[in-house]
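For the sequence shown, the numbering used here assigns the number 1 to the initial residue and increments by one for each residue that follows. Every residue, glycine too, gets a C-beta built ideally from N, C-alpha and C. Since we're looking at a predicted model, the values are computed, not measured.
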Amino acid sequence: MLHFQVQTQRSLIVALTPGLDRLLQDYVQRNKTHLERWEPPRSAHYFTLKGTQQRIHDYLLQASQGQILPLVALDQKRESIIATVNVSNIVRGIFQSAYLGYGLDEQYQGQGIMTEILTAAIPAIFNGLKLHRLMANYIPSNLRSGRLLKRVGFVEEGFARDYLFIDGKWQDHILMSRINPSFHF
Ligand SMILES: CC(C)(COP(=O)(O)OP(=O)(O)OC[C@H]1O[C@@H](n2cnc3c(N)ncnc32)[C@H](O)[C@@H]1OP(=O)(O)O)[C@@H](O)C(=O)NCCC(=O)NCCS
């Protein structure tokens with residue numbers, strides 16, 4: 001798994017590890033209502049410590065196979081997880097591309113912290129994983145997510161009907177991407 005550690009003004013971005021299980025469980029529990037509108041349906045097991053540990057185990061297996069890179073951002077005191085950043089569906093060959101997913105602790109919204117985290121994380125993801133393209137898609141009503149993506153250099157590419165099953169229904173998405181002009185094979 002890629003060693004990943006990026007310090008920003010207000011956070012430390014690191015790769016997810018088994019030792020972060022309780023902090024991740026705390027994060028998903030306290031942000032359950034905040035995140036559920038924008039995420040796939042979650043079972044009760046998802047919010048338990050065992051469920052969190054199994055998820056981390058699965059993520060790290062996929063990461064070791066070069067399929068994903070799960071990251072978390074810790075607060076300044078390194079006492080809690082304040083955001084998650086997931087690179088998934090890494091495809092090589094002539095694509096060299098992946099999807100970017102993210103979420104921010106509700107109490108940290110509106111302070112520019114996610115902009116700070118993604119501004120620092122994206123170049124490190126491009127360089128560390130040697131990717132040419134990152135794609136991120138959002139539901140049109142998720143205005144915060146759309147504004148965030150534009151702030152961190154994503155450009156609109158299209159619109160997909162009934163794209164992902166989120167919050168109990170198929171939802172349209174706006175398709176965005178950011179290219180890494182420094183990429184070379
Ligand atoms: C999407 C999400 C990460 C955006 O969070 P956010 O707090 O709006 O983004 P930032 O942390 O970058 O903060 C930007 C906001 O803080 C304000 N701000 C305050 N100080 C700032 C600073 N120093 N720098 C930049 N922005 C600052 C900005 O004006 C902006 O507010 P605005 O959009 O109302 O103009 C968050 O809403 C979230 O986690 N949502 C639930 C999960 C989700 O939707 N995931 C994405 C699915 S596609």
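Check: For ligand 1, is there a heavy atom less than 7 Å away from the beta-carbon of arginine 161?
Finding: no
Next item on the list: Taking only heavy atoms of ligand 1 into account, decide whether any of them is closer than 7 Å to the Cβ of threonine 33.
Entry: no
Next item on the list: Please report the residue range of the beta strand (DSSP E) in which methionine 174 lies.
Entry: First, the amino acid is wrong: residue 174 is isoleucine here, not methionine. Residues 169 to 179.
Next item on the list: Check whether the Cβ of tyrosine 102 lies closer than 7 Å to any heavy atom of ligand 1, and answer yes or no.
Entry: yes
Notebook entry, point to check: If we ignore side chains and look at the alpha-carbon of each, how far apart do serine 145 and glutamine 25 end up?
Noted result: 23 Å
Check: For phenylalanine 154, is the classification buried or exposed, using 16 other Cβ atoms within 10 angstroms of its Cβ as the cut-off for buried?
Finding: buried
Notebook entry, point to check: Closer than 7 Å: is that where the CB of asparagine 89 sits relative to any heavy atom of ligand 1?
Noted result: no
Notebook entry, point to check: Which partner residues does asparagine 86 have in the DSSP bridge list?
Noted result: Pro70, Gly101
Next item on the list: Have a look at Leu60, His132, Asp75, Tyr59 and flag the residue whose alpha-carbon is nearest the alpha-carbon of leucine 104.
Entry: Asp75
Next item on the list: Determine the closest residue to phenylalanine 183 out of Leu49, Leu134, Val152, with distance taken between C-alpha atoms.
Entry: Leu134
Next item on the list: Taking only the alpha-carbon atoms, compute the straight-line gap between leucine 71 and serine 80 and give it to the nearest angstrom.
Entry: 14 Å
Notebook entry, point to check: Near arginine 151, what residues of its chain come up, given a Cβ to Cβ distance below 7 Å and the 5 sequence neighbours on each side ignored?
Noted result: Thr115
Check: Could you give the uninterrupted runs of the beta strand (DSSP E) lying entirely in the stretch 114 to 147, keeping only those of 3 residues or more?
Finding: 133 to 138
Margin query: I want to see whether chain B comes within less than 8 Å of isoleucine 82, judged by CB atoms only; does it?
Written below: Structure shown: chain B not included; a single protein chain is present.
Checklist line | For valine 14, the residue or residues it bridges with in DSSP | finding: Gln5, Val72
Checklist line | Rounded straight-line distance, which links the Cα of lysine 50 to that of leucine 148 | finding: 33 Å
Next item on the list: Apply the 10 Å Cβ neighbour rule to valine 91 and answer buried if 16 or more other Cβ atoms are within range, or exposed otherwise.
Entry: exposed
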